[in-house]
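Chains as they are written, first to last, in my numbering: chain A, 5 to 618; chain B, 5 to 618.
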C-alpha cells in the first residue's frame, strides 16, 4: 500500500481545536484523523479510518479465535423488545428515540441484548445448539449529557458487542472466562496496558461484571487496587463495615449551641473551642453529615434523598448514581428545600429524616428518604444537626437515638461515600490505592434477565424447558483507538504502535533535487510492492521542516529521510519514538534501504504488546 | 476458512416467510442469511454478512483503483447543513428526524452530499487540491412509505456513496466518466448484468444523471430502450411532441348528451353508437381524459392537480412524481371533490380548469391547477367532459377552445402519461421497448448546487475564488446483494457466483460411517489450509436428504459429497449450477479431491463476469 501526501485527503493543523481537553482528541484532529460533525459525533478521515479498521481487525480475529460468530444488527430498532426488558424507560434521556412516518416508536440502539436474545430465540430451541457466542462490530448511539474528550465519550461510536448463550451456570462461567481471555489477548496485541477490575452492572443488569481499564490520568473512571490483588471500579467498592459498639456507657444525647456552624469545618472548630473533649480533638470524622440530593427517575419523577455519612467524607456522585441506577442524581434546589421546611440547611439531624420521623399506618417513613453510610453502625456516636439553626446535638448514638445502618436488617444503607487511598480493601487484602483509567472493555455475566423477559428457553437434555443464561461483552473500538493515541504520543504528535499505525513507514523526500525524489519514489514503491504500508511525502514544494513536523504529528512508526545524504549514497532511517526499533537514527546505504526498513518493520510488528497490570 | 454446519449460527427454513414477494427475499431468509428486525430493517446472520462483505470488498477495490479515498461519516447528523440546501424540508416524510436531549434537531442521513461538501470546504482551499474523489461504505436511512422485497427497498441499508470535487466542468466530466467506468468494472466483477440509462435527478438536484439497472422482471424501475441505442429510466423519457395542426376547417365545439359515460370505455361506446364518424370509429385516443390528483408538499400542504391526457393513456404516478418532486402524489378524496363542486366526476372538461377558467387580477389561474400531456398541441381535437353529468363536448380544439400544451410558451405541460412499447424514442432512434430492472447504481453530475448552498469555493490558477463543481455516485451495496440473489437462484435455492459466495466449497459427509467423516474432515481441512473457503456439513445425525436440500438452499457454488463412493475410493464433486465448472458431477479419487476442487474453484473465480447490455 502506498499513500502519497500530495494527493492524500489530509490537512494537518498547527492549532489545537478549541474544544479539545485531552491529547488524543487534540492530536487526532490536528493530524487529520478525525473531524467533528456534531457534539460527540465524528467523521473518520482516511488515516483515522485505517487505524480504526486495524483495531477492528484485531478484535475480530480474537473473537473468531474464541469461537464467536459475527453477525450485524441494525442500529435503528423497534421499541417493543426494549419495553419488554424495561430499558426503553430505564435508559431515560440517554436513549435516542424517534418515530417513523407511521408513528411507530424506534430507537438508536446503545447496546443489543434484546435483539440478540430474540434472534437466538427465533432460530434455536435445544440445548444441543448451545453454547453459542455471537458478536458484531457496529455503530452505537447514546445521547450523552456531556459528550467529551473526542472519541472517548461520543454519542455515535463503534463497539464490538458479543453475547454468549448457555444452558446452565457452568456454561456461562466457561463462556465468560473464554471472552475474558479473548479480551486479554486483544489488548495484549494492541499494545495497550490494562487492569481488570470488579464493576457494577448498572442498567445492564446481571450478577457480576468486570471492566477492562486502561490506566491513564485522563481517564474518566476511578479504580482501586490493593497490594494483595483486589481491584475494582470505585463504584463497585464495598465499605468495610466496622463492628457495632456497645453504647451502655454512652451519655444521653445533648443539644448544644453551635452558632454559625453550617459547615463541617466550622462545626469542628466550634466543638473544639466550646466543648473540648479531654482525650483528643474533635475531627470531622466525629460528625454525621446529612447531604440533601434529588433523584430523578428515567421518566422524570423527582424524589429527595438525604445521605448520612461521616463528616470527613464527601458523597461520590458516581458511586451514588451506580447505587440508585437507573435514577440520576441532582443537587437539591431552593424549591426542594421550600417544600421541606423540616430540613434546616446546615443543621439537619436524623430525627426529621426517613423512619426516624415516624411511620404512617402502612409503615412508610414520614420523613424524606434517608440512606446511611455503612459505617454508621449501632453504637457509633455522632455530633450532628439539631434541626434548629445554630444548634447541634452531641453524643447522638446510632441504634439508640436513630436507626443505625443496617439495624435489624433495615435496608437503609448506601455505598455513596468517596473511597480514599488507604481505605481497607473489602477482601482484607490491604489498603487501597486509587488510580484513573479509560474503560476499554466491560464483560457481564448477565444471567437470565433478558432471556426471562423475552422468553428465550431451550429444551434441556431431559426434554425440559429451561431459561437460557447469557453473558454480554463489550469493547469500545473507537474509544480503544483514542486510548492508543493517549498512550502513544509526545508533544510533537502521535506515535502509533506498528500494529495499528495507518502506515508502517513514512518516506520523506527533502529538498528539490529530482534525484532525491527518484530515490525516495523507488524506495517507497519497492517497499509497497513487498507488502509494507508506505506513506510517501512526495510534495514537491514543501519545506523539510514542515514535512518533518507533519511526520511527527502523523505518527507513523518508522521514518525514512531521503535528502542531502543521498550524495554520499545514504538515507536516514529512524524510529518515530527514540529507542524503538534499534538504537535510533541509522545512515543506511540507499540500495540497502528497503531491506533494512523491512527488517525494522518486522521487528516493530513482533515487538512487545500490552500487558495486564497486577 | 472452515465453517462447520454443526456449530454455524444458521437455521434453514422450509417455509417461505409470509411477507416475501420476491425470490431474493424469500431465499435469503429461508437460507438463514438475513432476518427481519422491523419493516424494511434486517439483521445480517453470519452467511449473509460474509456475502455482504464480499460485495463491499469488490466495490472498495474498484473505488480505490479509480483513485477515490475512503472516509466514513456519521449516520446521525445535525439539521443545519440539510437546511442550508433545502433537503431538510424536501425529503419530507422520507427522512428519519429526531431530537437530542438538548432539543437539537438531528437526522439519520439518507445521503451525505452536504457533509462531504462541508468537509472539503473545511480542509481544502486551492485548485491544486483538486480533483478529489472521496467515498464511504456506510449505513443509510430512509423512511420509505412502503418498504418491500427484503433488501431491495429497505429503511436501513448499506450504500457506497462517492463524491467528486472539481474546479471546472471539464474536471467534473472526467471525474464522472472515471466513476462511470469504475461502476462498469464493479458490476462486471460481480457477474451482474446491467444497463446504463438516462435518469432524472430528483431531490438530488444536478444537471445530469444515469442509473445502472439490473434487468429483471421483479425490478421496481421501468426503463426503455430503442434499437438505435437510446436507454432511459421511464421517468426520464420525454414525449415526442407531434406538430401543431391547423384548425381552420374544424367545426365549432358542440355539447352532446352522453348519458352514463363516466369512463373512457363507456364514452367511446356511446360516441360510436350515437355520434358515429364516417371515416373510422372513435377510439379512446380521441378523448381528453382529465385525472384529478392531489400533490402533497414535503411540509404537508395539499394542492389539487388535474392532468389532461389522451384517453388511451393512464397517468404513470412514478413519472408524475418525478415531474413534481419533491411533492408526493395522492389520489383525490371525497373531501377534495367536495371543496371543488366545479369538478363533475367523469365529466370534467378543461373549461373549469387552470387559466381556462379565467385569471385573477395578478394573472393567477382561477381553476384548479391543470397540466397537459405534451401531445395536446394546438389544433388537436378532443371529446371531453362538458362539466355536466351525462354530457360531453365534441370537436373541442386545443389552442382555440382551451389553452393547448405549451401554447405561447405556457408552462402547462407535464411528463405524466405512461410510456408504452412502440412509442418513439425521443432521439429518433426508433420505437421503444420496455423492461424492468433494479436500480443498483446511480451517478449524478451535481454541478454547483451543494457547493453554492454551502459556500465551497477554492482559489483558481489566477487566485480567483471559484465555486467547486461536484458529482455524486451511489451503489446500493445491500441491494446489489439482493440483485445477485435474484439473478442466481433456482427453485431449490440460491446459487452464488464464486466471487461473492459465503464459501467456495460445501463439503457434505453422508451416512454414519466414521471413515466418511474422517475423509470429509481431511478434505475440508486440507482445502481450508490452502486458502479455500469451506463450509463443511459435519452434522452427525442429519439425513443426506436434509443435507443436500440445505446445500442447494445455501447456494455454495461447488459441492463435494463424501459418502458411499468412499468404499470405492471416490468422492463426488459437482457444481451447484449444472453446466458450471465443467460438465457436471465428477467422481474423483479421494486423494485427488482437494486438488481437483482447487482447480474448479480457480476456474469458477476466473469465470465470466457480468456485462453491459446494449
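Using N, Cα and C, we set each Cβ at its ideal position, and we do this for glycine too. Fair warning: this is a prediction, and the values are worked out from it, not measured in the lab.
According to DSSP, residues forming a beta bridge with residue i
i: residue 595/B; result: DSSP, once it has assigned bridges, lists no residue as partnering residue 595/B.
i: residue 619/A; result: An answer regarding residue 619/A cannot be provided, because it is not within the stretch 5 to 618 covered by chain A.
i: residue 474/A; result: 169/A and 451/A
i: residue 160/A; result: 145/A
i: residue 76/A; result: 48/B
i: residue 479/B; result: 164/B and 445/B
i: residue 38/B; result: 48/B
i: residue 69/B; result: In DSSP, residue 69/B forms no bridge with anything.
i: residue 294/A; result: 312/A
i: residue 139/B; result: 74/B and 166/B
i: residue 212/A; result: 449/A
i: residue 513/B; result: 566/B
Beta-carbon separation (whole angstroms), residue i vs residue j, contact threshold 8 angstroms
i: residue 216/B; j: residue 439/B; result: Not really, about 14 angstroms apart at Cβ, beyond 8 angstroms.
i: residue 605/A; j: residue 508/A; result: 5 angstroms
i: residue 74/B; j: residue 544/A; result: In fact, because the Cβ distance is near 25 angstroms, the residues do not count as touching under 8 angstroms.
i: residue 190/B; j: residue 62/B; result: 6 angstroms
i: residue 213/A; j: residue 449/A; result: 7 angstroms
i: residue 570/B; j: residue 523/B; result: 6 angstroms
Listed by chain order, chain B residues near residue i by CB distance under 9 angstroms
i: residue 548/A; result: Correct list: empty, because the minimum Cβ distance to chain B is about 20 angstroms.
i: residue 112/A; result: 79, 80, 102 and 112
Residue-chain proximity (residue i, chain A), Cβ-Cβ < 8 angstroms
i: residue 156/B; result: no
i: residue 149/B; result: yes
i: residue 655/B; result: Residue numbering for chain B in the displayed model covers 5 to 618; residue 655/B lies beyond these limits and cannot be assessed.
i: residue 97/B; result: yes
Proximity below 8 angstroms, CB of residue i to CB of residue j
i: residue 334/A; j: residue 357/A; result: no
i: residue 159/A; j: residue 145/A; result: yes
i: residue 348/A; j: residue 393/A; result: yes
i: residue 409/A; j: residue 381/A; result: yes
i: residue 437/B; j: residue 229/B; result: yes
i: residue 387/A; j: residue 291/A; result: yes
i: residue 617/B; j: residue 255/B; result: no
i: residue 308/A; j: residue 373/A; result: yes
i: residue 272/A; j: residue 288/A; result: yes
i: residue 42/B; j: residue 119/A; result: no
i: residue 47/A; j: residue 35/A; result: no
i: residue 169/B; j: residue 122/B; result: no
i: residue 422/A; j: residue 327/A; result: no
i: residue 497/B; j: residue 558/B; result: yes
i: residue 481/A; j: residue 56/A; result: yes
i: residue 462/B; j: residue 171/B; result: yes
i: residue 539/B; j: residue 510/B; result: yes
Contacts of residue i in chain A (Cβ-Cβ under 8 angstroms)
i: residue 104/B; result: 100, 147 and 159
i: residue 13/B; result: 73, 75, 127, 136 and 138
i: residue 79/B; result: 79, 143 and 160
i: residue 50/B; result: 73, 74 and 75
Interface flag, residue i vs chain B, CB-CB below 8 angstroms
i: residue 384/A; result: no
i: residue 46/A; result: yes
i: residue 406/A; result: no
i: residue 89/A; result: no
i: residue 73/A; result: yes
i: residue 119/A; result: yes
Any non-hydrogen atom of the ligand MG closer than 7 angstroms to residue i Cβ
i: residue 342/B; result: As far as ligands go, the structure on display features none, and thus does not contain the ligand MG.
Chain B contact residues for residue i, given Cβ-Cβ distances below 7 angstroms
i: residue 126/A; result: 39
i: residue 82/A; result: 42
i: residue 123/A; result: 39 and 47
7 angstroms Cβ cut-off: residues of chain A touching residue i
i: residue 53/B; result: 74, 75 and 76
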